[in-house]
Amino acid sequence: MISIKSILEEISKHKKILIGANLVAILSTMLTIPVPLLIPLLIDEIILGKGGTITHTIDHYLTIGSPEYYILTVLLITLFLKAISLLLNLLHIRLFTKISKEVTYVIRKQLLNHLQTVSMSEYDMLGSGAVSAKVITDVDTVDKFVASSVGEIVVELLTLISISLVILYLNWQLALVILFLNPLVMSFYLHVFRKVAKIKKKENKAIEIFQNSLTESLELYNQIRVQNREAYFLNDIDNKAKEIRDRGYQFGLKSEMALEFSRMLIMYSHDIFRSMGILMVLLGLLTIGKMLAIFAYAWIIMRPVDKLMNFM
Numbered sequence: 073m074i075s076i077k078s079i080l081e082e083i084s085k086h087k088k089i090l091i092g093a094n095l096v097a098i099l100s101t102m103l104t105i106p107v108p109l110l111i112p113l114l115i116d117e118i119i120l121g122k123g124g125t126i127t128h129t130i131d132h133y134l135t136i137g138s139p140e141y142y143i144l145t146v147l148l149i150t151l152f153l154k155a156i157s158l159l160l161n162l163l164h165i166r167l168f169t170k171i172s173k174e175v176t177y178v179i180r181k182q183l184l185n186h187l188q189t190v191s192m193s194e195y196d197m198l199g200s201g202a203v204s205a206k207v208i209t210d211v212d213t214v215d216k217f218v219a220s221s222v223g224e225i226v227v228e229l230l231t232l233i234s235i236s237l238v239i240l241y242l243n244w245q246l247a248l249v250i251l252f253l254n255p256l257v258m259s260f261y262l263h264v265f266r267k268v269a270k271i272k273k274k275e276n277k278a279i280e281i282f283q284n285s286l287t288e289s290l291e292l293y294n295q296i297r298v299q300n301r302e303a304y305f306l307n308d309i310d311n312k313a314k315e316i317r318d319r320g321y322q323f324g325l326k327s328e329m330a331l332e333f334s335r336m337l338i339m340y341s342h343d344i345f346r347s348m349g350i351l352m353v354l355l356g357l358l359t360i361g362k363m364l365a366i367f368a369y370a371w372i373i374m375r376p377v378d379k380l381m382n383f384m
């Protein structure tokens, strides 16, 4: 039987590619995380004249002494890190796409081999439409799950953890605010999504019934025309198509409403976050450069949170 467990077991068979993809993801995350911190800290070190790690590190390797060259050097480093990170992300996508295609091929092969052991009575009960739906549509869903969800979940989880650690280092009070509010939003979304998932199951069932009826009607269409019953069969298929429309409308509407409302809550939490950051600068508890860096991280953290919400 094909299940989530069997799919994960099949993925685990590609250990070398899997380990390589995860190492690439870790390296990409390590290169990406410092980027939003570099330019904002120059405000404290150059404009406010406080000095710091960035200018001292540049002075250790290069004798510059000019603010313009500090800015240019940091800009070039930022562009270089982003370019390397992009190449690593493309390599990561390539590796996981290779795994997903191998896994879906094995699943299709198992399904086709299983057809040899299925009795004719069981096959007639399922219908050719249901069988083709499982071999084509359902396996394509697994393909997307492995390539996108499983592939991205590692990167997004690493990004979320890394950003959380950086924000905690910069200012633990602000970090606790954003790290406390985002899980609340996620828990709300998951609660709503469990209800929406039931509607999605009904939609998938309606599609399977429609496909089965359509396939069987087309296979027997000559006999149906001879008996002048095409109007009855086409009307029956039309009713099933309307059911798909209604189920799809319910799922699309409710899922989008839940997702948009969750995103709005995230934006609210970030507004609170930014307001507290400005207040801390006013009270002298945070520098302007660190505040801008935290704001940048607060915006970047939305992507992994959003991806994790969709995955769950």
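Numbering (the working numbering), first residue to last: 73 to 384.
Just so you know, even glycine gets a beta-carbon here, dropped at the ideal spot from N, CA and C.
query: Measuring CA to CA, which of 370, 380, 252, 361 is closest to residue 114?; result: 361
query: Classify residue 140 as buried or exposed, calling it buried when 16 or more other Cβ atoms lie within 10 Å of its own Cβ.; result: exposed
query: Residue 94 by DSSP, collapsed to three states: which one?; result: helix
query: Taking C-beta to C-beta, are residue 231 and residue 157 nearer than 8 Å?; result: no
query: Under the criterion of a Cβ to heavy atom distance below 7 Å, does residue 332 qualify as lining the ligand FAD?; result: The model on display carries no ligand, and the ligand FAD is accordingly not part of it.
query: So the candidates are 311, 161, 327, 322; which of them puts its Cα closest to the Cα of residue 225?; result: 161
query: When DSSP labels each residue in this structure, what does residue 356 get in the three-state scheme?; result: coil
query: Per DSSP, what kind of secondary structure is residue 153 in: helix, strand or coil?; result: helix
query: Between residue 167 and residue 89, how many whole angstroms is the CB-CB distance? I'm expecting something under 8 Å.; result: 5 Å
query: Expressed to the nearest angstrom, what Euclidean distance is found between the alpha-carbon atoms of residue 346 and residue 175?; result: 44 Å
query: Pop quiz: residue 385 and residue 349 are said to be a contact at Cβ under 8 Å. What is the actual Cβ separation, rounded to whole angstroms?; result: This structure gives no information on residue 385, because the portion of the chain shown stretches from 73 to 384.
query: Looking at residue 130: is its Cβ nearer than 8 Å to the Cβ of residue 110?; result: no
query: Have a look at residue 185 and residue 177 and give me their C-alpha separation to the nearest angstrom.; result: 12 Å
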